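In what follows, a single structure is set out as structure tokens and then discussed.
In the working numbering, the protein residues as written are 1 to 332.
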């Protein structure tokens, strides 16, 4: 009997020791995400960032990993980067997705402008486009750890995925092309580039109405007269007949790299695009944008030399730093 009492006493003495040890193992690191500022030039417009998704080092790193993660797709065989190659300014030459450039300033997303924020369009991407299997993501120790550090969540949701991707997208910014350097007085234009600049920003080229800002787009939807019977475009998003045939006006930054062009990828070269705007505009296209001032003549009627000048200027919008930026490359 005394032996049994001794065993019980010894056992009780060890309980606090093991309890303390267990408590130490279960201690969790405090949630302390690292706030960061999105880098862009002072002459750019202010980027509006939602208060519930302010940028942090951890969330941006997470979004970057997800951008290149094939696990994001239902069949685990494609990622965002599958159709958005950095060397092509985050587009692909085999299709016509919008380039992932400076989207932190956009006010509508997709060609039909259906979504109004990065968070909303990313939610569409993971829920509907990729059909992400949350069970697969939640089974990943890597992503469970990264989401814990970035958003302090145990269970990863579609919203969590969308918010992380949006954070990375806000860092995908192009602002160091030859054009930018010229504006800063750091370089000079050739004669052809300068002539193209003057055509672009005058009624002769009529480009500046939609593409005259530093972002090289006007954050608007237009029917530019591609067809007499246009594709639905914005009508798909709003159901309004007055929106039929309207599409998002894209950025022209890195336009040299982002063929094919237009919402349906019908043009393979910049020369083809300029030929269209010169003499291919359909004046009877419904809801034709009033900015297409020369539609009654089929376009602006540029000659071959003027087109070459314009192409020379458009190539100054190529940003080699952007397409080689290691902070935007595959981290996996």
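No residue lacks a Cβ here, since even glycine has one placed at the ideal position from N, Cα and C. Owing to the predicted nature of the structure, the values given are computational and were not obtained by experimental measurement.
Of all alpha-carbon atoms in 119, 276, 270, the one lying nearest the alpha-carbon of residue 49 is that of 119. In chain order, 222, 223, 224 place their CB closer than 7 Å to the CB of residue 289, counting only its own chain and leaving out the 5 sequence neighbours on each side.
Non-local beta-carbon contacts of residue 294 in its own chain, meaning distances under 8 Å to residues more than five positions away in sequence, involve 206, 281, 300, 301 in chain order.
Take the alpha-carbon of residue 72 and the one of residue 162: they are about 11 Å apart. Apart from the 5 residues on each side of it in sequence, residue 63 sits with its Cβ closer than 6 Å to the Cβ of 164, 165, 167, 168 in its chain, given in chain order. Contact between residue 310 and residue 274 is confirmed by a C-beta separation of about 6 Å, below the 8 Å threshold. A distance below 8 Å between beta-carbons, with the five flanking residues on each side excluded, links residue 56 to the following residues of its chain, in chain order: 33, 34, 35, 36, 150, 167.
Residue 291 sits close to residue 209, with the two beta carbons spaced by under 8 Å. Separation of residue 39 and residue 173 (C-alpha to C-alpha, rounded to the nearest whole angstrom) is 8 Å. Counted as a single uninterrupted DSSP element, the alpha helix (DSSP H) harbouring residue 209 occupies residues 208-211. Look at residue 114 here: in three-state DSSP terms it is coil, with no helix or strand label. Spanning the alpha carbons of residue 154 and residue 141 requires a straight line of approximately 11 Å. For the pair residue 177 and residue 29, the Cα-to-Cα distance works out to about 42 Å. With a cut-off of 8 Å on Cβ pairs, the region 265-279 is not in contact with the region 236-243, counting fewer than three such pairs.
Collapsing the DSSP output to three states places residue 144 in a helix. Sequence-distant partners of residue 214 (beyond 5 residues in either direction) whose C-beta falls short of 7 Å from its own C-beta, in its chain, are 43, 44. DSSP places residue 221 within a strand segment (E or B) once states are collapsed to three.
Secondary structure of residue 241 (DSSP, three-state): helix. Residues of the same chain with a CB within less than 7 Å of the CB of residue 121, apart from the 5 flanking positions on each side, are 109, 110, 115 in chain order. The C-beta distance from residue 254 to residue 318 rounds to 6 Å, short enough to fall under 8 Å. Look at the region 282-315 and you find these whole runs of alpha helix (DSSP H), each 4 residues long or longer: 304-314. In this structure, DSSP gives residue 168 a helical state, which the three-state scheme calls helix. Between residue 332 and residue 65, the CB-CB gap stays under 8 Å. In this structure, the straight-line span from the alpha carbon of residue 186 to that of residue 175 is close to 13 Å.
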